[in-house]
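Below you'll find the structure, written out as structure tokens, and then a few comments.
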Amino acid sequence: MRIKICAGNWKMYKTHEEARAFLHEWNEKILPLPPLRCRFVIFPPAYDLSVFSSVAADASIEFGAQNIHFAKEGAFTGELSPVAVKSLGAKWALIGHSERRTLFGETDSLIAKKVLAAFENNLSPMLCVGETLAEREADQTQAVIVRQLVGGLARIQDKNILSKLVIAYEPVWAIGTGRVATPAQVAETHLFIRQYLADKFGSSLSHSMAILYGGSVKPDNARELSAQENVDGFLVGGASLNPSDFRKIAETL
Ligand code: PGA
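Using our numbering, the first residue of the sequence shown is number -1, and each one after it goes up by one.
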């Protein structure tokens, strides 16, 4: 059985104070509730990683960076070293989010370097894939996902490390739009990803990899999405900013 994962992507929201307040509320109000059988992960903005470093262990929340550079250190102004991220206690790196791809020009070949760097620095990569609306309408969804998976995993030589890989399927048209993919679309695409991974890496490895859905997940639509086969959890943007909404989503897993 794969352990379910409820991950929150805070994007460029929450100051230090606000991040502390979230974790305080989590400790006070959410932790005392009956435990859930899922892993909680938050990807705060880089400037809040240190807040998580000091308190997340008590709050039973894992955390990671929304982006990493592929080099351990160097003259890379504005970038984030995977070594430094790891040394703060992070376990995860979010890689290839559609906002990184479209707004900051990240290509599959850059993403491949980051996926490898995550593994090399003991961070579990959460690799995001997903099609735009135009691509879906042109019946290109599967082709786009294959291109992003082939590209993003191009530098992996030892396939056994992939059991730590998590894929987040996030249709671009569903991110931050309130327009969630239908359960049927989610089921179909997750099955497609699982079969692709099985063909490429073998069925037992493919079954150890979690595939999350992301894109306008909210407490009121999470249950029908989580009921779909091959949905191993969620990557939640907006609704992860509120501790009780985030917990309500996790309760459906
Ligand atoms: P959303 O964002 O839940 O606000 O749509 C999801 C994401 O970008 O990961």
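Yeah, the Cβ is synthetic: ideal placement off N, Cα and C, and Gly gets one too.
For residue j and residue i, the rounded distance between their alpha carbons
| i | j | result |
| --- | --- | --- |
| Gln193 | Ser202 | 11 Å |
| Lys70 | Gly150 | 19 Å |
| Leu92 | Ala166 | 9 Å |
| Ala152 | Val81 | 22 Å |
| Arg252 | Ala73 | For residue 252 there is no data in the structure shown, the boundaries of the chain being -1 and 251. |
| Leu189 | Tyr11 | 33 Å |
| Glu77 | Glu23 | 31 Å |
| Ala248 | Ile191 | 22 Å |
| Thr139 | Lys162 | 25 Å |
| Met124 | Leu160 | 11 Å |
| Cys126 | Pro181 | 19 Å |
| Gly213 | Asp156 | 31 Å |
| Asn240 | His67 | 29 Å |
| Ser206 | Thr187 | 18 Å |
| Gly62 | Val39 | 7 Å |
| Trp90 | Pro43 | 13 Å |
| Ser52 | Pro217 | 29 Å |
| Glu60 | Ala141 | 33 Å |
| Phe102 | Thr250 | 33 Å |
| Glu97 | Asp137 | 22 Å |
| Ile109 | Ala172 | 22 Å |
| Gln64 | Leu47 | 10 Å |
| Leu21 | Ile3 | 18 Å |
| Gln226 | Asn219 | 12 Å |
Element boundaries [beta strand (DSSP E), containing residue i]
| i | result |
| --- | --- |
| Ala252 | Outside the displayed span of the chain (-1 to 251) sits residue 252, for which this structure offers no information. |
| Leu125 | Ser122 to Val127 |
| Ile209 | Ala208 to Gly212 |
| Ala132 | Run containing Ala132: none in the beta strand (DSSP E); it sits in the alpha helix (DSSP H), Leu131 to Glu135. |
| Arg37 | Cys36 to Phe41 |
| Phe61 | Glu60 to Ala63 |
| Ala17 | Counting along the chain, Ala17 falls outside any beta strand (DSSP E), though it belongs to the alpha helix (DSSP H) covering His14 to Glu23. |
Cβ-Cβ distance between residue i and residue j below 8 Å
| i | j | result |
| --- | --- | --- |
| Ala252 | Arg18 | The structure shown does not extend to residue 252, since the chain is modelled only from -1 to 251, so the question has no answer here. |
| Pro169 | Ala185 | no |
| Arg145 | Asp197 | no |
| Phe199 | Val215 | no |
| Val234 | Phe244 | yes |
| Trp8 | Ser242 | no |
| His95 | Tyr45 | no |
| Phe41 | Ala5 | yes |
| Leu210 | Ser204 | no |
| Val164 | Ser122 | yes |
Span of the alpha helix (DSSP H), counted from its first residue to its last, around residue i
| i | result |
| --- | --- |
| Tyr194 | Pro181 to Phe199 |
| Ile109 | Asp106 to Glu118 |
| Arg177 | Looking at the DSSP string, Arg177 is not in any alpha helix (DSSP H), and its letter there is neither H nor E. |
| Val0 | Just to set this straight, residue 0 is Arg in the shown sequence, not Val. Arg0 -> no alpha helix (DSSP H), and no H or E assigned at all. |
| Phe244 | Pro241 to Glu249 |
| Gly150 | Thr139 to Gly150 |
| Leu223 | Ala220 to Ser224 |
| Val215 | That residue, Val215, is in no alpha helix (DSSP H); it is neither H nor E in DSSP. |
| Ala82 | Pro80 to Ser85 |
| Leu101 | Ser96 to Leu101 |
Using a Cβ distance threshold of 8 Å, determine whether the stretch 10 to 30 contacts the stretch 115 to 126, with at least three qualifying pairs required.
Inter-segment contact for the stretch 10 to 30 and the stretch 115 to 126 is absent: fewer than three beta-carbon pairs are separated by less than 8 Å.
Per the contact definition of three or more C-beta pairs closer than 8 Å, is the stretch 131 to 138 in contact with the stretch 78 to 87?
no
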